[in-house]
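Asks:
There are 2 protein chains.
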Amino acid sequence: MLGEKLRELREAIGLLQREVAADLQVDTAYISKMEHNEKPVSRTHLKKLSKLYGISESDLIPIWLADKVLQLVENEKFSVEALEMALNKVKQK
Amino acid sequence: MLGEKLRELREAIGLLQREVAADLQVDTAYISKMEHNEKPVSRTHLKKLSKLYGISESDLIPIWLADKVLQLVENEKFSVEALEMALNKVKQK
DNA sequence: TTTATATTTGACCTTTAAAGGACAAGACCA
DNA sequence: TGGTCTTGTCCTTTAAAGGTCAAATATAAA
Numbered sequence: 046m047l048g049e050k051l052r053e054l055r056e057a058i059g060l061l062q063r064e065v066a067a068d069l070q071v072d073t074a075y076i077s078k079m080e081h082n083e084k085p086v087s088r089t090h091l092k093k094l095s096k097l098y099g100i101s102e103s104d105l106i107p108i109w110l111a112d113k114v115l116q117l118v119e120n121e122k123f124s125v126e127a128l129e130m131a132l133n134k135v136k137q138k
Numbered sequence: 046m047l048g049e050k051l052r053e054l055r056e057a058i059g060l061l062q063r064e065v066a067a068d069l070q071v072d073t074a075y076i077s078k079m080e081h082n083e084k085p086v087s088r089t090h091l092k093k094l095s096k097l098y099g100i101s102e103s104d105l106i107p108i109w110l111a112d113k114v115l116q117l118v119e120n121e122k123f124s125v126e127a128l129e130m131a132l133n134k135v136k137q138k
């Protein structure tokens with residue numbers, strides 16, 4: 046989910062991976078992998094990307110976090126039950 | 046959550062931490078920490094514990110997984126949004 | 001009030017796995 | 001061809017897992 050979103054945002058403003066890579070000071074391969082969900086996106090990278098793409102970080106964080114949650118529960122038989130329990134806990138607080 | 050549950054189950058059948066530790070072949074300190082949520086419970090330990098406590102593993106896994114999810118989203122501002130997104134994704138599949 | 005047993009806590013250690021990343025080679029346009 | 005992007009392999013560093021041990025604390029019972 047996040048990877049696709051990052052790609053859309055980048056393309057929407059016509060930036061090349063090369064340019065994004067320069068801004069984050071990493072390899073273009075790294076950007077490519079982020080956009081393909083093959084590498085996790087760190088929070089500091091997320092911040093830089095949101096700034097670069099002219100979007101609020103708050104719009105990206107839920108997606109970013111949801112991705113991490115999904116990765117944690119993927120292939121788990123009781124993912125729905127677990128997520129529902131977790132959601133209840135978080136809401137009641 | 047899981048720690049408390051493990052403690053209840055153990056006490057319900059009158060086992061000492063020492064005895065559980067012997068079964069899992071670990072230190073009693075380790076059991077104590079599991080019951081205080083200070084150490085994660087591995088899946089293989091979870092399996093042994095459920096057997097020892099005479100409960101189905103399926104009853105423990107959702108709690109176990111929910112705990113891991115909660116730990117992942119704790120201190121996060123958008124935990125509710127993220128969990129709801131994740132839940133939708135998982136349900137639609 | 002000792003004493004023994006059960007549990008807890010903190011400090012420490014080793015091993016494993018993930019994060020974070022580079023590089024080269026190949027694919028894909030155009 | 002030239003530039004963009006992708007993919008696989010490799011590497012190093014960091015952090016978590018998975019423990020142990022000793023000492024401190026509680027608890028019950030003699």
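Taken in order, these protein sequences are the chains called B and D.
So this note's numbering is basically just the index in the first sequence, starting at one, shifted up by 45.
So this note's numbering is basically just the index in the second sequence, starting at one, shifted up by 45.
Where a beta carbon is used, it is the ideal one built from N, C-alpha and C, also for glycine.
Just so it is clear, the structure is predicted and the values come from calculations on it, not from any experiment.
1. Following the continuous alpha helix (DSSP H) through M130/D, name the residue where it begins and the one where it ends.
2. Alpha carbon to alpha carbon, how far is K113/D from Y75/D?
3. Within 8 angstroms (strictly less), CB to CB, does V86/B reach chain D?
4. Using CA coordinates, which residue listed in K93/B, K138/B, V118/B, V71/B is at the minimum distance from E121/D?
5. Nearest to D68/B by alpha carbon, out of E49/B, K92/B, L128/B?
6. Counting only C-beta atoms, is I106/B closer than 8 angstroms to chain D at any point?
7. Between L97/B and V65/B, is the Cβ-Cβ spacing less than 8 angstroms?
8. Is K113/B close to chain D? Criterion is C-beta to C-beta, closer than 8 angstroms.
9. Where in the segment 47-97 of chain D do unbroken runs of the alpha helix (DSSP H), each at least 4 residues long, occur, reported from the N-terminal end onward?
10. List the residues of chain D whose Cβ lies closer than 8 angstroms to the Cβ of S124/B, in chain order.
11. Using DSSP with H/G/I as helix, E/B as strand and the rest coil, what is S101/D?
12. With a threshold of 8 angstroms between beta carbons, is L51/B in contact with chain D?
13. Using a Cβ-Cβ cut-off of 8 angstroms, state whether E121/B counts as contacting chain D.
14. Looking at L110/D: is its Cβ nearer than 8 angstroms to the Cβ of A127/B?
15. Within 8 angstroms of any Cβ in chain B, is that where the Cβ of E129/D sits?
Replies: By the coordinates alone:
1. 124-137
2. 18 angstroms
3. no
4. K138/B
5. K92/B
6. yes
7. yes
8. yes
9. 47-57, 62-69, 73-80, 88-97
10. L110, V135
11. coil
12. no
13. yes
14. yes
15. yes
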